[in-house]
Amino acid sequence: MKLAFYLSTSLVGLLLVSVLSSVMLFSTQTTLRAEVAASQLNIDTNPEDPNETIPPLLNIDTNSEYANGTITMSSVVKIWYAWVNVSETQVIYYALFSKEVNSPIVNFLGQHFQVENDTEVFVGNTLTLIEVYNDTNGDGISQANFTSGESEIAYYLLVNSSIGYQPTPIQKILKDEIPHYTWGFKYETIDGFLLYPEQQPGQGAARVIIDYLGFNYDFYVVEDVSYIKKNFDIGEITEIQPLSGEQVSLDGLSLSLLFSTITISAKPYTAYVNGQPYNSTTAENPATPTSGGEIAVETIKAYEFLFGENYNLTRGETGEAHEVKSEAAATTSVPQGVLDHLDWELAYFERHLNLSDLFPSAVGIEGKVSLDYNVSTFLYRICYPVWDGLPIQHDPTYIAYLFSNIIIPEFPIVMVLPVLVITTSLAILTAKIRKRRR
Ligand SMILES: [Ca+2]
């Protein structure tokens with residue numbers, strides 16, 4: 322019965338086979354997918370048309386300075402949104418939730434702005450996957466290569482659904498006379514699965530309970546530079562129930578968050594990592610250590626990711642500070658099978674990510690946004706080498722350069738080099754000619 326019900330809610334038909342096998346795998350558990358499907362059967366009698374449950378209109382007041390609210394996707398699934406519109410930039414945040422069944426756990430953060438010459442830019446970030454790794458080579462970051470099969474990933478932490486959720490309504494507060502817009506969304510008491518990496522879509526190693534996952538945001542603008550301070554609040558793994566005979570322990574293991582970015586611009590853009598152009602889809606090295614990343618539109622610096630220096634780990638009564646590690650990740654380091662559930666969830670956001678609706682004045686960017694991590698040119702992992710299944714707090718920063726005319730500093734070096742070669746060659750040539758004339 323559950324399988325048939327699920328058919329009616331699947332938004333990505335091609336992914337059905339692997340998703341179904343996940344549902345079958347956990348058929349003894351009450352999964353969100355099955356519950357959502359069962360509830361939706363009552364209202365959705367046409368299993369061929371997944372669009373039927375999706376309302377056609379955006380109901381965010383895009384003229385408001387700031388707002389939050391709910392977008393009803395179906396009788397079961399809703400989006401909680403937060404919106405900011407100041408200094409000619411707009412921020413949109415989405416979190417999926419449900420009042421009727423345990424909430425799905427996925428969120429999205431996007432920002433629209435302009436760089437010089439009225440060039441429109443939209444940059445989005447999605448937390449794609451949580452991974453547990455064993456840092457055997459001791460460099461702090463996780464290496465995963467699904468082409469070669471070599472991987473430090475011990476498990477994928479598939480977060481299934483949360484019993485509770487708590488939005489923090491958006492607020493405008495003044496700090497040193499600068500308006501800050503703050504909001505958040507917290508999922509509480511989450512059931513998840515530790516999946517073995519070698520199996521796709523993923524054989525369960527253990528069923529786990531995660532105390533909570535909280536996402537808090539602080540947005541502010543200072544002199545044409547906007548900042549979003551994110552705060553990840555990752556709760557303890559409070560229960561581990563092995564699914565096979567094999568014991569599962571998180572002692573000595575590390576945690577990483579895999580993020581996918583989307584950039585849309587009226588002009589060509591390039592991601593930069595460690596000052597060099599970078600593209601996840603073509604990168605040969607599965608993991609490039611870095612402390613951040615940049616996005617340039619043509620040669621103009623538009624956006625910057627700063628992953629931060631330290632994170633806090635709570636061990637019993639004491640707090641520990643540890644160094645954050647991060648990496649730019651190749652697409653080949655992202656497993657495909659375990660992400661099927663995410664496609665299904667992200668499809669809800671994509672329905673409400675129409676640039677023409679959200680940013681009516683934007684010129685040169687329009688239409689739907691795809692959140693497909695496989696085409697993302699900048700995938701990154703934020704890595705917490707010391708974890709042991711304990712609570713973590715970390716706050717990376719995302720910076721947008723509004724009306725920017727800053728040339729990516731590395732670019733002139735690339736331009737200068739050929740000029741240097743020409744100048745030097747000319748000098749040598751001139752010297753030789755003078756020598757002959759003597
Ligand atoms: Ca490593």
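Numbered by our numbering, the letters in the sequence shown go through residues 322 to 759 in order. In this text, a Cβ means the ideal position worked out from N, Cα and C, and glycines have one as well.
Residue i vs residue j beta-carbon contact at 8 Å
| i | j | result |
| --- | --- | --- |
| residue 405 | residue 412 | yes |
| residue 614 | residue 593 | yes |
| residue 704 | residue 459 | no |
| residue 611 | residue 595 | yes |
| residue 474 | residue 510 | no |
| residue 700 | residue 652 | yes |
| residue 275 | residue 514 | Examination of residue 275 is not possible in this model, given that the chain is present from 322 through 759 alone. |
| residue 697 | residue 465 | no |
| residue 463 | residue 586 | no |
| residue 686 | residue 621 | no |
Supposed contact pair residue j and residue i - C-beta distance, whole angstroms, cut 8 Å
| i | j | result |
| --- | --- | --- |
| residue 477 | residue 659 | 5 Å |
| residue 564 | residue 526 | 6 Å |
| residue 708 | residue 574 | 6 Å |
| residue 724 | residue 444 | That pair is no contact at about 15 Å. |
| residue 508 | residue 540 | With a Cβ gap of about 21 Å, residue 508 and residue 540 do not count as contacting. |
| residue 722 | residue 649 | In fact, because the Cβ distance is near 20 Å, the residues do not count as touching under 8 Å. |
| residue 408 | residue 569 | Residue 408 to residue 569, Cβ: 48 Å. No contact. |
Cα-Cα separation between residue i and residue j, rounded to whole angstroms
| i | j | result |
| --- | --- | --- |
| residue 640 | residue 588 | 46 Å |
| residue 467 | residue 643 | 29 Å |
| residue 372 | residue 544 | Reliability fails at residue 372, whose pLDDT of 49 lies under 50, so the model's placement of it is uncertain and no value is given. |
| residue 668 | residue 446 | 15 Å |
| residue 278 | residue 457 | For the chain, the structure presents residues 322 to 759; residue 278 sits outside this window and is missing. |
| residue 531 | residue 579 | 18 Å |
| residue 566 | residue 440 | 58 Å |
| residue 581 | residue 711 | 25 Å |
| residue 584 | residue 442 | 7 Å |
| residue 553 | residue 479 | 17 Å |
| residue 672 | residue 637 | 43 Å |
| residue 634 | residue 572 | 14 Å |
| residue 471 | residue 496 | 48 Å |
| residue 606 | residue 597 | 14 Å |
| residue 556 | residue 713 | 7 Å |
| residue 386 | residue 560 | 43 Å |
| residue 360 | residue 720 | With a pLDDT of only 35 at residue 360, under the threshold of 50, the placement of this residue in the model should not be trusted; the figure read from the coordinates follows. Near 41 Å, if we compare the C-alpha coordinates of residue 720 and residue 360. |
| residue 670 | residue 481 | 17 Å |
| residue 367 | residue 618 | Low per-residue confidence applies at residue 367: pLDDT is 31, beneath 50, and the placement is therefore not dependable enough to give any value. |
| residue 688 | residue 562 | 45 Å |
### Task
Give a yes or no on contact between the stretch 426-441 and the stretch 538-551, applying the rule of three or more CB pairs nearer than 8 Å.
yes
### Query
What runs of the beta strand (DSSP E), each 3 residues or longer, lie entirely inside the stretch 637-687?
639-644 and 646-650
#### Entry: Sufficient close CB pairs (3 or more, under 8 Å) joining the stretch 416-423 to the stretch 388-403
Touching, per the Cβ criterion.
### Task
Please specify which runs of the beta strand (DSSP E), each continuous and at least 3 residues long, are wholly inside the stretch 393-465, giving them in chain order.
399-407, 410-418, 428-436 and 440-454
### Task
Mind listing, in chain order, the continuous beta strand (DSSP E) runs of no fewer than 3 residues lying wholly within the stretch 520-579?
524-543, 546-555 and 558-563
### Task
Inspect the CB distances between the stretch 621-638 and the stretch 673-689 and report whether three or more fall short of 8 Å.
no
#### Entry: Length-filtered (3 minimum) beta strand (DSSP E) runs lying within the stretch 693-728
700-705, 713-715 and 718-722
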